[in-house]
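> When we follow the working numbering, the leftmost residue of the sequence shown carries the number 4, and every step to the right adds one. In this text, a Cβ means the ideal position worked out from N, Cα and C, and glycines have one as well.
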Amino acid sequence: MDKIDSLLRVIERYDHYIEIANNKANYLLAFVISLSVAIAALLGYSDILKFAIDTPFVNILKSLAILMYIANLFFVMQILLGVHRIIFPNTSSPSTPTKSIIFFGDVASLSHIEYADSVKRMTCEGFQDDLSFQANALAKIVGEKFNNQKRVMEITSRQYIFSALIISILCGIVSALS
Numbered sequence: 004m005d006k007i008d009s010l011l012r013v014i015e016r017y018d019h020y021i022e023i024a025n026n027k028a029n030y031l032l033a034f035v036i037s038l039s040v041a042i043a044a045l046l047g048y049s050d051i052l053k054f055a056i057d058t059p060f061v062n063i064l065k066s067l068a069i070l071m072y073i074a075n076l077f078f079v080m081q082i083l084l085g086v087h088r089i090i091f092p093n094t095s096s097p098s099t100p101t102k103s104i105i106f107f108g109d110v111a112s113l114s115h116i117e118y119a120d121s122v123k124r125m126t127c128e129g130f131q132d133d134l135s136f137q138a139n140a141l142a143k144i145v146g147e148k149f150n151n152q153k154r155v156m157e158i159t160s161r162q163y164i165f166s167a168l169i170i171s172i173l174c175g176i177v178s179a180l181s
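Below, the structure is given as structure tokens:
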């Protein structure tokens, strides 16, 4: 296997990593929003603020549920921002002495004739260099996406705990007062 084939396989692998990170972010986004909607529906169903029983314990549970829901919304906003950082496309091109025949930004800046001429003039060594720049740029993009994904998963873990506590409190209030 020659160097060009090896670089093409590396690039294909990095593209796959990027696709996986984006898919995970989309699944996480759908799950977090679904969980938040479920909690909001449970809050609405329990009609927590209109309970006729006015004991200190019930008031503490009501306040706790509302405060935890607000904290949960804070976590959801952090998760949404993090997910958007993962999904947001990175369109930067590395600085190279000549325009790349691979990076879409460089290719798009050329007319079809200029691009065809660039491809004709490209040597095997030049193409190998261009591929190595592409592989390096993609590796940096993958690293950035994975770091963002790790942060989002840490925040999501805390959000799961808050969600479980809120649901437990609301279910406890509903069952105790039914």
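Using 8 Å as the threshold, is the C-beta distance between residue 103 and residue 113 below it?
No; because the gap between Cβ atoms is not below 8 Å, this pair is not in contact.
> Compute the distance between the beta-carbons of residue 11 and residue 170, then report whether it is under 8 Å.
No; because the gap between Cβ atoms is not below 8 Å, this pair is not in contact.
> When burial is assigned at 16 or more other CB atoms within 10 Å of the CB, is residue 30 buried or exposed?
So residue 30 counts as exposed.
> For residue 59, name the three-state secondary structure that DSSP assigns.
Looking at residue 59 - three-state DSSP - the assignment turns out to be helix.
> Can you tell me whether residue 93 is helix, strand or coil according to DSSP?
Coil, per DSSP.
> With three or more C-beta pairs closer than 8 Å as the rule, is the segment 84-92 touching the segment 128-138?
Segments in contact, no.
> Verify whether the separation of the beta carbon atoms of residue 67 and residue 172 is less than 8 Å.
Taking 8 Å as the Cβ cut-off, residue 67 and residue 172 qualify as a contacting pair.
> Just to confirm my understanding: we take residue 99, look at its own chain, exclude 5 residues before and 5 after, and list those with CB closer than 7 Å. What are they?
Correct list, in chain order: 136.
> Does the Cβ of residue 148 have 16 or more other Cβ atoms within 10 Å, making it buried, or fewer, making it exposed?
With 16 or more Cβ atoms within 10 Å of its Cβ, residue 148 is classed as buried.
> Figure out for me which residue from 158, 92, 18 and 71 has the closest Cα to the Cα of residue 165.
Comparing Cα-Cα distances from residue 165 to each of 158, 92, 18 and 71, the minimum goes to 71.
> Please identify the residue among 60, 143, 25 and 101 whose C-alpha is closest to the C-alpha of residue 91.
Residue 25 is the option with its Cα nearest to residue 91.
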